[in-house]
Structures are given as C-alpha cells and as structure tokens.
Amino acid sequence: MSRVRGFISFEGIEGSGKSTQVKLLAEYFRAKGHPVIETREPGGTRIGNKIRALLLEPENHMDPLAELLLYYSARAQHVREIIYPAVVRNSIVITDRFTDSTTAYQGHARGIDLSLIETLNEMVVPDMKPYLTFLLDLDVEEGLRRNREARKVDRFEQETVDFHNLVRQGFHQIAREEPERVKVVDASKSRDEISREIIRIIEEVWR
Ligand SMILES: Nc1ncnc2c1ncn2[C@@H]1O[C@H](COP(=O)(O)OP(=O)(O)O)[C@@H](O)[C@H]1O
Ligand SMILES: [Mg+2]
C-alpha cells in the first residue's frame, strides 16, 4: 500500500474540528493556486450520500456488520468516482474521514476483527493511502459539547462517552503504528492555531 502525494485525510472524534480544518486547508492550497477537491466519508458521491443518510439516521438500529459493509460500499463508490480520478489529474484531495475511521469506530470501538477491516481495505482501496492524515485529538466530552452547541445529532453522537473514548484510543493506536503518515494535532486549541500547525506540518513534509 503506497502513500499518494496530494491525498490528505482528516480523522478524529465527533466535534474535533475536521470539517472546519478541511475547509481551512483547502483555502490554503487554493491560495497557492493548486486545484483542490474537498470531500467526506461516508458520502462524497450521490450514492455515497444516500448511504450516509442510512448510516447516520438516529432512528436506525444497525447491525455492526451491516454498518461495516455500508461504509465500504460508500467508500468503493467514493474512491472510484472521486478520489482516483482527482489524484490522476494531479488535484489535491482532502477528505473528511477515511479508512482510519472504520478501524477506530467499527474495529476498536465496536470490536469487529481488525484483520477483516484490513482485508476490506485491500479489496476496496487497492494500493492507495493518504500521504498525510491529520488526527485532530480532543477530549471526548469537549467534542460532544461542541457538537451539541452546533445542534449536530446523528447515530454516533448518541453513543456513550466510553464508546467515543475507545474510538479516540483506536485513533491513537493507528498514529503509533504509522507515525510518518498520521500526525496528531491538539484539537483543543483555537481554529487558527490548529490551522497554522497543520500548515507547518504540510510545509515541512512537502519539501
Ligand atoms: N478549534 C475549535 N475550537 C472551538 N470550536 C471549534 C473549533 N473548531 C471547530 N469548532 C466548532 O465545533 C463544532 C464542531 O466542529 P466541526 O468542524 O464540525 O467538527 P467535526 O467535523 O470533527 O465533527 C462546530 O460548531 C465548529 O464551529
Ligand atoms: Mg464534520
């Protein structure tokens, strides 16, 4: 699995500031004259957004395996319809969540075998990893508080604090395993401080 230059993902718990930082980083690249695609998971495509609605509806009680496979259906569509073509034409692609979210949520937090998730990755995302992944690391209660303030409610926001702590620990483990790719950023700081830190890392790594 090789890292693709120009492909960047943001990861982190609910309310950690991913959507905010995706926008700020896209602005940075656009100001430098680079073409940029901003996208997100689940979603990113018409089909993916229909699957997203199913996955995030608070009313749905979803079987963990059904959930896992829906994420990979959306991802298969997203990779082929959006990410590959953009990478091929040398556009920068910034995605709000990618495979690490599946490893953290469905693997570490829900307890699905990590080797099954790895197998699905190899099937659905052959030979492609983000060059850089920013893990926005935040206290779980603070993330949930930010989202409540923003009135964001979905099926995952209804999970327990313990669940979200397992997700956070899962992300930490991924960062320990792949320190070159996954950069941990303190998400308790202000939007601008976080953005500056991210750009500092980009400028250091992109030399
Ligand atoms: N650094 C920050 N400090 C305080 N609030 C923030 C910060 N970054 C984002 N927010 C706010 O917190 C909420 C969640 O941010 P968002 O970017 O949507 O997070 P995510 O996409 O990770 O769920 C939003 O209301 C956003 O305006
Ligand atoms: Mg978001």
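In terms of my numbering, the sequence shown opens at residue 257 and continues consecutively. Glycine included, C-beta positions come from ideal geometry on N, C-alpha and C. All figures in this text were calculated on a predicted structure; none of them were measured in a lab.
Item, Value
"Cutoff 8 Å: E267 Cβ touching any chain D Cβ", "Of the protein chains in this structure there is only one, and it is not chain D."
"Proximity test, E270 beta-carbon vs ligand 1 heavy atom, cut-off 7 Å", "yes"
"Residues surrounding ligand 2 [beta-carbon distance to nearest heavy atom under 6 Å]", "K274, S275 and D352"
"Contact the segment 430-445 vs the segment 352-364: 3+ CB pairs below 8 Å", "yes"
"Nonlocal neighbours in the same chain, by C-beta distance under 6 Å from A330, ignoring five residues either side", "P298, G304 and I307"
"Close beta carbons around R452, own chain, < 7 Å, minus the five adjacent residues each side", "none"
"Coarse secondary structure for F412, derived from DSSP in three states", "coil"
"Endpoints, the beta strand (DSSP E) within which P386 is located", "K385 to D393"
"Local Cβ density within 10 Å of E378, reported as buried at 16 or more and exposed below that", "exposed"
"CB-CB length for L400 against E270, believed under 8 Å", "6 Å"
"Burial state of S258, where buried means 16 or more other Cβ atoms lie within 10 Å", "exposed"
"Buried or exposed by the 16-neighbour rule on C-beta atoms within 10 Å, applied to H420", "buried"
"Segments assigned alpha helix (DSSP H), at least 4 residues, entirely inside the segment 341-378", "355-358"
"S265 and P386 closer than 8 Å at C-beta", "yes"
"G289 - containing beta strand (DSSP E), residue span", "Element bounds for G289: n/a, residue is neither H nor E."
"Residues bridged to F266 [DSSP beta-bridge criterion]", "D352 and F390"
"8 Å Cβ cutoff met for A342 and V423", "no"
"Residue range of the alpha helix (DSSP H) that includes K306", "R302 to L312"
"Where S446 falls, given that 16 or more other Cβ within 10 Å makes a residue buried", "exposed"
"R407 (DSSP reduced to helix, strand or coil)", "coil"
"Which residues DSSP lists as bridging T295, in chain order", "T351"
"Beta-carbon spacing of L311, Y327 below 8 Å", "yes"
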